[in-house]
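>
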Amino acid sequence: MRFQNIVTQRGYVYILSNKTRRVLYIGVTGNLVKRVWLHRQGLGSEFTQKYRTKYLIHYESFKHIERAINREKQLKNWHREWKLNLIREHNPKFRDLWPKILLRRNYF
1 MRFQNIVTQR
11 GYVYILSNKT
21 RRVLYIGVTG
31 NLVKRVWLHR
41 QGLGSEFTQK
51 YRTKYLIHYE
61 SFKHIERAIN
71 REKQLKNWHR
81 EWKLNLIREH
91 NPKFRDLWPK
101 ILLRRNYF
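Quick note, the sequence shown lines up with residues 1 to 108 if you use the UniProt record's numbering.
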């Protein structure tokens, strides 16, 4: 009997916003730094290009990408106020967390 190696990929759910913090974009990725960098360069989704949501204001880390995907689906179904309360809980001033994840070597 042959066993396959199961590779588990970490996952991240993230919330981006625009300069005025009025627009929210929720995404999921296996590489947070790379994905946010792409958004910041205008290479993310059409939505992020149109609304200029390039400021990382919230993220969550998961051991398995599947859990991150499930969390993304959950958050996308939340009311706006629930999302804002979640962000306020961890980032009360809605600061851009991009510098924080760049400086943190163990973000993954």
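Heads up, the beta-carbon is just placed ideally off N, CA and C, and yes, glycines get one too.
(1) Leaving aside the five residues before and after M1 along the sequence, list all residues of the same chain whose C-beta is less than 6 Å from its C-beta, in chain order.
(2) I want to know whether the region 18–34 touches the region 51–58 - three or more CB-CB distances under 8 Å.
(3) T48 to G42, Cα distance in whole Å?
(4) Quick check: the Cα distance between R45 and V28, rounded to an integer number of angstroms?
(5) Which value, in whole angstroms, describes the spacing of the CA atoms of I26 and E72?
(6) Looking at the secondary structure, which residues open and close the alpha helix (DSSP H) in which L56 lies?
(7) What number of angstroms, rounded off, separates the C-alpha of I65 from the C-alpha of R40?
(8) I need the DSSP call for V28, collapsed to helix, strand or coil.
(9) Cβ atoms of L75 and V36: under 8 Å apart, would you say?
(10) Could you give the first and the last residue of the continuous alpha helix (DSSP H) run that contains L86?
(11) Can you pull the DSSP bridge partners for L75?
With the given structure in hand:
(1) By 1-based counting over the sequence shown, the position of residue 1 is 1. For M1, the predicted structure reports a pLDDT of 44, less than 50, and the residue's modelled location is therefore unreliable. A value from the coordinates is still provided. So no residue of the chain qualifies.
(2) yes
(3) Counted from its first residue, the sequence shown places residue 48 at position 48. Counted from its first residue, the sequence shown places residue 42 at position 42. Cα to Cα, T48 sits roughly 7 Å from G42.
(4) The sequence position of residue 45 within the sequence shown is 45, counting from 1. The sequence position of residue 28 within the sequence shown is 28, counting from 1. Note that residue 45 is Ser in the sequence shown here, rather than Arg. Rounded to the nearest angstrom, the two C-alpha atoms are 12 Å apart.
(5) Along the sequence shown, read from residue 1 onward, the residue named residue 26 stands at position 26. Along the sequence shown, read from residue 1 onward, the residue named residue 72 stands at position 72. The straight-line gap from Cα to Cα measures roughly 7 Å.
(6) In the sequence shown, the residue the question calls residue 56 occupies position 56. L56 -> not in any alpha helix (DSSP H); beta strand (DSSP E) instead, spanning 55–62.
(7) Counting from 1 along the sequence shown, the entry for residue 65 is found at position 65. Counting from 1 along the sequence shown, the entry for residue 40 is found at position 40. Near 22 Å, if we compare the C-alpha coordinates of R40 and I65.
(8) One-based indexing of the sequence shown puts residue 28 at position 28. It is a strand residue.
(9) If you number the sequence shown from 1, residue 36 lands on position 36. If you number the sequence shown from 1, residue 75 lands on position 75. In this structure, L75 does not lie closer than 8 Å to V36 by Cβ.
(10) Taking the first residue of the sequence shown as 1, we reach residue 86 at position 86. Here the alpha helix (DSSP H) through L86 covers 80–90.
(11) The residue labelled residue 75 in the question sits at position 75 within the sequence shown. Its beta-bridge partners do not exist; DSSP assigns none.
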